[in-house]
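In the working numbering, the protein residues as written are 2 to 554.
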């Protein structure tokens, strides 16, 4: 074969290769064109997104329709509505054509919440995880919060829970109390009306956070479906020992006007039952007085008999908890500070908060309690200078106590329970106490405020009475006058259900029978403090209860 023939063959081969590649490229371009045309004509599902709960779309006549973000729509890529505004896209919602800017269309539901930063509306607890109970850390109001995720979009377009990041770390916050702009119309209530109320080391009354309650028009309670609080709660107290005799107390209550029971869950180191929550947080605490099953069956008997049931939990007086968490104790000279024969966890420590509210959650979920009552929501009455309060966030005492109650209501309302708080009788004086209680703040935060004006806790000539505990009607009438004053000063007052003395006076043995117990109830009712009472008898002495039962009719 000569050189010319070889060249011709090579040229032919080369042309074939070039032609083959050209044809292949042609086929590739054609395939892509077909795919693009199919993509243009394809009807796909998209979702409406926004940084607000709702957005506006328009129909063919230009009528506007407000829809919530997260709404599913149908969309075609090749629908160009306006050549001058190609971003305007045609969508189909409920078989009707609408128009919307393409920037509001996203591929996935998880992309529908587009806000990147928000500001806290009030001081908040940031939760560790989506169970919205365990506290990671606290933030003040108007703190910038980076939004890094969310759990669900509610029916109105709001978010139920955000995943967030701040300088302190990641966590979770409820989505109903945040705003997008720093310059925001404040929803908190003005505390300046309390400026004249004295500060006794507990903090300034005017600086405490006050917030509206989510109550319906004409109601004084948050609406909790399926949980009806009696308008007047006539309540017997049962300690952890007494609950095992539930049948006897039901038999007693059925003979008189009693319609509710307050039952101990935790009273200092006295634990009513073998609680999984206590084992988790405080394994060194005492064993339960009752087994879990016995306690559950006893509570069920009372609930099944038609009684409203309240679980009582003491909070900031707890030696058992400090055995496992000594770092939470208030200390003096490097040692846990002892007062009233007990050491005290710090009111500022969020783990202490979490533990007690978790116990309340257990009481609601496992036993069906209607209400969780927190007692000892305070510091010791006397705190000498130099005591280390473990004040992590530089809060006043009343600020910390009030925030605890807000935290408890946030968690327990969502569990379906009301929250009550016990306070000393002296709070009707209108001042902030050294131990961190202030009537108007706690009444505004809780569902029920339960004061403890036991007659034998008063001194001679208190309220102008020579021996107050021998004059229970006059004493309680005078006391309730000031209680009503404090309620009138409160923006959103809680219900008032007052503890009454149902034991013989410890001062001089004055017998408290039917007449003196009835005198307390009558005085409260006659002076308009008529939303109920609870009988304080630490022993839950059933013989005493039988002796005074006619006072409850």
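Ideal placement from N, C-alpha and C gives every residue a C-beta, glycine not left out.
Predicted model only: the values in this text are computed from it and were never measured.
Worksheet entry | First through last residue of the beta strand (DSSP E) which encompasses residue 581 | Residue 581 is absent from the model: the chain starts at 2 and stops at 554.
Discussion item. Can you tell me whether residue 400 is buried or exposed? The criterion is at least 16 other CB atoms within 10 Å of its CB, across all chains shown.
Written reply: Numbered from its first residue, the chain shown carries residue 400 at position 399. Counting Cβ neighbours within 10 Å, residue 400 comes out buried, since at least 16 surround it.
Worksheet item: Are any of the Cβ atoms in chain C nearer than 7 Å to that of residue 427?
Response: Of the protein chains in the structure, only one exists, and it is not chain C.
Fill in: residue 435 vs residue 208 beta-carbon contact at 7 Å
In the chain shown, counting from the first residue as 1, residue 435 sits at position 434. In the chain shown, counting from the first residue as 1, residue 208 sits at position 207. Their beta carbons are not under 7 Å apart, which means residue 435 does not touch residue 208 by this criterion.
Worksheet item: Using the beta-carbon count (16 or more within 10 Å), is residue 469 buried or exposed?
Response: As a position in the chain shown, residue 469 is number 468, starting the count at 1. With 16 or more other Cβ atoms within 10 Å, it is buried.
Worksheet item: With a cut-off of 8 Å, do at least 3 Cβ pairs link the region 377–395 to the region 282–293?
Response: no
Worksheet entry | Residue interval of the beta strand (DSSP E) (run including residue 266) | Taking the chain shown and counting its residues from 1, one reaches residue 266 at position 265. Residues 261–268.
Discussion item. In whole angstroms, give me the CA-to-CA distance for residue 239 and residue 304.
Written reply: The residue given as residue 239 occupies position 238 in the chain shown. The residue given as residue 304 occupies position 303 in the chain shown. So the two alpha carbons sit approximately 14 Å from each other.
Worksheet item: Exposed or buried, what is residue 461 when buried is set at 16 or more other beta-carbons lying within 10 Å of its beta-carbon?
Response: Start at 1 with the first residue of the chain shown, and residue 461 comes out as number 460. Residue 461 comes out exposed.
Worksheet entry | Integer-rounded CB distance, given that residue 70 should sit under 8 Å from residue 51 | Position 50 of the chain shown, counting from 1, holds the residue named residue 51. Position 69 of the chain shown, counting from 1, holds the residue named residue 70. Rounded, the Cβ-Cβ distance is 5 Å, consistent with contact.
Worksheet item: Are residue 372 and residue 330 touching if we call contact CB-CB under 7 Å?
Response: Within the chain shown, residue 372 is the residue found at index 371, counting from 1. Within the chain shown, residue 330 is the residue found at index 329, counting from 1. Cβ distance not < 7 Å, so residue 372 and residue 330 don't count as in contact.
Practice prompt. Return the Cβ separation of residue 161 and residue 150 in integer angstroms, given the expectation that the two are a contact with Cβ distance under 8 Å.
Written response: Within the chain shown, the letter at position 160 stands for residue 161. Within the chain shown, the letter at position 149 stands for residue 150. Contact flag wrong, Cβ pair sits at about 12 Å.
Item to complete: From the DSSP output, read off the bridge partner residues of residue 73.
Response: One-based indexing of the chain shown puts residue 73 at position 72. Per DSSP, 48.
Discussion item. Going by beta-carbon coordinates alone, are residue 140 and residue 165 separated by less than 7 Å?
Written reply: As a position in the chain shown, residue 140 is number 139, starting the count at 1. As a position in the chain shown, residue 165 is number 164, starting the count at 1. It is not a contact, given that the beta carbons lie outside the stated cut-off.
Fill in: In chain order, each beta strand (DSSP E) run of at least 3 residues that lies wholly inside the region 135–194
136–140, 145–151, 162–167, 170–175
Worksheet item: Is there contact here, the region 432–452 with the region 508–527, by at least three beta-carbon pairs under 8 Å?
Response: no
Practice prompt. With distances taken Cα to Cα, identify the nearest neighbour of residue 308 among 515, 300, 503.
Written response: Your numbering for residue 308 matches position 307 in the chain shown. Considering only alpha carbons, the answer is 300.
Practice prompt. Let me know the secondary structure DSSP gives residue 56 once reduced to three states.
Written response: Taking the chain shown and counting its residues from 1, the one referred to as residue 56 is at position 55. Note: residue 56 maps to strand in three-state DSSP.
Discussion item. Helix, strand or coil for residue 533? Go by DSSP, reduced to three states.
Written reply: Numbered from its first residue, the chain shown carries residue 533 at position 532. Note: residue 533 maps to strand in three-state DSSP.
Worksheet item: To which residues of the same chain is residue 414 closer than 7 Å at the C-beta, ignoring the five residues directly before and after it?
Response: Counting from one through the chain shown, the residue named residue 414 turns up at place 413. Correct list, in chain order: 223, 225.
Item to complete: Go to residue 235, then tell me how far its beta strand (DSSP E) extends in each direction, as first and last residue.
Response: In the chain shown, the residue the question calls residue 235 occupies position 234. Run containing residue 235: 234–239, per the beta strand (DSSP E) assignment.
Practice prompt. Per DSSP, which residues does residue 97 bridge with? Please list them.
Written response: Position 96 of the chain shown holds residue 97. According to DSSP, residue 97 bridges with 94.
Practice prompt. Please look up how many angstroms separate the CB atoms of residue 122 and residue 180, rounded, as I've assumed it's under 8 Å.
Written response: As a working note, residue 122 is residue 121 in the chain shown. As a working note, residue 180 is residue 179 in the chain shown. Their Cβ separation, rounded to whole angstroms, is 6 Å, which keeps residue 122 and residue 180 in contact under 8 Å.
Practice prompt. Buried or exposed for residue 336, please, with buried defined as at least 16 other CB atoms from any protein chain shown within 10 angstroms of its CB.
Written response: Reading the chain shown from its first residue, position 335 is the one you call residue 336. Burial call: exposed.
Worksheet item: Alpha carbon to alpha carbon, what distance is there between residue 429 and residue 163?
Response: Stepping through the chain shown from its first residue, residue 163 is reached at position 162. Stepping through the chain shown from its first residue, residue 429 is reached at position 428. Taking the straight line from one Cα to the other gives about 40 Å.
Worksheet item: Considering residue 364, what are the terminal residues of the alpha helix (DSSP H) in which it resides?
Response: Taking the first residue of the chain shown as position 1, residue 364 is located at position 363. Residues 351–368.
Discussion item. Rounded to the nearest angstrom, what separates residue 458 and residue 486 at their Cα positions?
Written reply: The count along the chain shown starts at 1 and reaches residue 458 at position 457. The count along the chain shown starts at 1 and reaches residue 486 at position 485. Approximately 21 Å, taken between the alpha carbons.
Discussion item. Taking the beta strand (DSSP E) that residue 230 belongs to, which residues open and close that run?
Written reply: What you label residue 230 is simply residue 229 of the chain shown in a count that begins at 1. No beta strand (DSSP E) contains residue 230, which DSSP labels as neither H nor E.
Worksheet entry | Identity of the residues DSSP links to residue 118 by a beta bridge | Taking the chain shown and counting its residues from 1, one reaches residue 118 at position 117. Looking at the DSSP assignment, residue 118 forms a beta bridge with 147.
Worksheet item: Between residue 386 and residue 441, what straight-line distance do the alpha-carbon atoms span, to the nearest angstrom?
Response: Here residue 386 refers to the residue found at position 385 when the chain shown is read from its first residue. Here residue 441 refers to the residue found at position 440 when the chain shown is read from its first residue. Cα-Cα distance, rounded: 27 Å.
Worksheet item: Out of curiosity, what's the CA-to-CA distance linking residue 117 and residue 476?
Response: Taking the first residue of the chain shown as 1, we reach residue 117 at position 116. Taking the first residue of the chain shown as 1, we reach residue 476 at position 475. So the alpha carbons of these two residues sit roughly 58 Å apart.
Worksheet entry | Exposed unless 16 or more other CB atoms sit within 10 angstroms - verdict on residue 532 | As a first step, residue 532 must be located in the chain shown, where it is residue number 531. Looking at its Cβ environment, which holds 16 or more other Cβ atoms inside 10 Å, residue 532 is buried.
Practice prompt. Out of 13, 101, 298, point me to the one whose CA is closest to residue 75's CA.
Written response: As a position in the chain shown, residue 75 is number 74, starting the count at 1. Checking every option, the nearest Cα to that of residue 75 belongs to 101.
Worksheet item: Can you name, in chain order, every residue of its own chain whose Cβ lies under 7 Å from the Cβ of residue 518, other than the five neighbours on each side?
Response: Counting from one through the chain shown, the residue named residue 518 turns up at place 517. 501, 503, 549, 552, listed in sequence order.
Item to complete: Using 10 angstroms around the beta-carbon of residue 152, count the other beta-carbons present and answer buried if the total reaches 16, otherwise exposed.
Response: Against the chain shown, residue 152 aligns to sequence position 151. With fewer than 16 other Cβ atoms within 10 Å, it is exposed.
Discussion item. Comparing C-alpha positions only, which one of 271, 234, 455 sits nearest to residue 263?
Written reply: Locating residue 263 in the chain shown gives position 262, counting from the first residue. That would be 234, whose Cα lies nearest to the Cα of residue 263.
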